[in-house]
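Here the protein sequences come in this chain order: A and B. Just so we're on the same page, the working numbering is the position in the first sequence counted from 1, plus 22. Just so we're on the same page, the working numbering is the position in the second sequence counted from 1, plus 22. From the three backbone atoms N, C-alpha and C, an ideal C-beta is built for every residue, glycine too. Please read these numbers as outputs of a predicted model, since none were measured by experiment.
2 protein chains.
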Amino acid sequence: MQIKKYTDYGLRTLIYLATLPKGRLATINEICAAYEIPRNHLNKVIHQLGKEGFIITRRGKNGGFQLAAEPAEIRLDHVIRRLEGDTPWVNCHSPVCVIEPACELKHILAAGKRVFYDYLASYTLHSLLHNRNELEQIFSTREL
Amino acid sequence: MQIKKYTDYGLRTLIYLATLPKGRLATINEICAAYEIPRNHLNKVIHQLGKEGFIITRRGKNGGFQLAAEPAEIRLDHVIRRLEGDTPWVNCHSPVCVIEPACELKHILAAGKRVFYDYLASYTLHSLLHNRNELEQIFSTREL
DNA sequence: ATTAAGATGCATTATTAAAGCATGTACTTA
DNA sequence: TAAGTACATGCTTTAATAATGCATCTTAAT
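Okay, structure coming up:
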């Protein structure tokens, strides 16, 4: 019961982008360096962030990516749901559970999951920028 | 983002026990047979269920285990929290995250986790017995 | 053309859950 | 009190999946 690094990396990327001046593109290498995370994995995360419409990517020389919307418009439940994958939190098949047709558990856990994401829906990328100055400082010192 | 089979097996065990006449002991072999799950893994689950006080175990010949309380007294949040382990849903260390001191994410996810378990707190083992007759029928036909 | 960026697919490694195995300990009953 | 049966415990092995690595393709600017 923990979000994947994959999802974590995606959120970190969005946080990084949100601290940049509007219109400025970041690159995968830049983010890797800032967080000291492996390029290959981040590569896939960035790709999905683009596919899902959270960022706008641009290929080719001088390419990169930027937020596709204002931080306050990017909801955490959306981001996490997409990156994490939206499968049930209990697996009643594989292997098959014999009481599955009579079992209430899946419904209760599904509702619990809904409650969790409903809560996250009250937060956006903007909510993660509370300490924006401190964040910017961390990133700037890392570029030395 | 999915509960472990370990936790699942624990819940299934409690459901099974709840369908038995009061005072009747079940054995690990019995539960393995009912659900067709591996004895070795279930072994550990049962042990923890006992340690946590959800069931009362008795060793030796004619031993076995039974619920330690009424189904309505056994809360799902308690069971799942214990079996699943109660670690944060995001790992900010290992590897270290450079923005950790300035990052709000962990607090938001911790609150989301709380909301999830608070929701589960409104359900008990009794809530899982809605289709008790059907459950009993499934178990009885499996014993043939 | 050349270069720099993301896109894509496949292979490998690392992590952790799941399962297996062997043996210990407690308790019942003949 | 000996035998048998059930849970307890620790260690090992396997399986599943996330994470990472690598090679190459595509796109766009210069």
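### Task
Please classify residue 79(A): does DSSP put it in a helix, a strand, or coil?
Strand.
Name the chain A residues that come within less than 7 angstroms of residue 134(B), Cβ to Cβ? Contact of residue 134(B) with chain A by beta-carbon distance below 7 angstroms involves 138, 141 and 142.
Review point. Which residues in chain A sit within 7 angstroms of residue 164(B), going by Cβ to Cβ distance?
Key: Near residue 164(B) (Cβ distances below 7 angstroms), the residues of chain A are 120.
Residue 44(A) burial status per 10 Å Cβ neighbour count (16 or more: buried): With fewer than 16 other Cβ atoms within 10 Å, it is exposed.
| said: Considering only DSSP beta bridges, list what residue 147(A) is partnered with. | reply: The partner list for residue 147(A) (beta bridge, DSSP) is empty, contrary to what the question assumes.
Taking contact to mean at least 3 C-beta pairs separated by less than 8 angstroms, is the stretch 135-146 of chain A in contact with the stretch 137-151 of chain B? Output reads yes: the stretch 137-151 of chain B touches the stretch 135-146 of chain A.
query: Which residues in chain B sit within 9 angstroms of residue 157(A), going by Cβ to Cβ distance?
result: The CB of residue 157(A) comes closer than 9 angstroms to the CB of 121, 124 and 125 in chain B, given here in chain order.
Nearest residue (CA-CA) to residue 64(B), options 163(B), 142(B) and 28(B)
For the residues 163(B), 142(B) and 28(B), the minimum Cα distance to residue 64(B) belongs to 28(B).
By the 10 Å Cβ neighbour count, where 16 or more other Cβ atoms means buried, how is residue 32(B) classified, buried or exposed?
-> The C-beta of residue 32(B) has 16 or more other C-beta atoms within 10 Å across all chains shown, which makes the residue buried.
Where do the N-terminal and C-terminal ends of the alpha helix (DSSP H) with residue 159(B) fall, by residue?
-> For residue 159(B), the enclosing alpha helix (DSSP H) covers residues 154-164.
Notebook entry, point to check: Just by C-beta distance, which residues in the stretch 97-116 of chain B are closer than 8 angstroms to chain A?
Noted result: Close to chain A, meaning a Cβ-Cβ distance shorter than 8 angstroms, are the following residues of the stretch 97-116 of chain B: 98, 106, 107, 109, 110, 111, 112 and 113.
- Using three-state DSSP, classify residue 131(B) as helix, strand or coil. Helix, per DSSP.
- Task: Say whether the stretch 52-66 of chain B touches the stretch 106-117 of chain B, bearing in mind that this needs 3 or more beta-carbon pairs closer than 8 angstroms, one atom from each stretch.
- Result: Contact annotation: the stretch 52-66 of chain B does not touch the stretch 106-117 of chain B, with fewer than three C-beta pairs closer than 8 angstroms.
**Message:** Please confirm whether residue 25(B) has its beta-carbon closer than 8 angstroms to some beta-carbon of chain A.
**Reply:** Output row for residue 25(B): interface = yes.
- Have a look at residue 90(B) and residue 133(B) and give me their C-alpha separation to the nearest angstrom. Rounded to whole angstroms, residue 90(B) to residue 133(B) spans 31 angstroms at the Cα level.
Review point. For residue 34(A), does the count of other Cβ atoms within 10 angstroms reach 16, so buried, or fall short, so exposed?
Key: By the C-beta density criterion, residue 34(A) is buried, having at least 16 other C-beta atoms within 10 angstroms.
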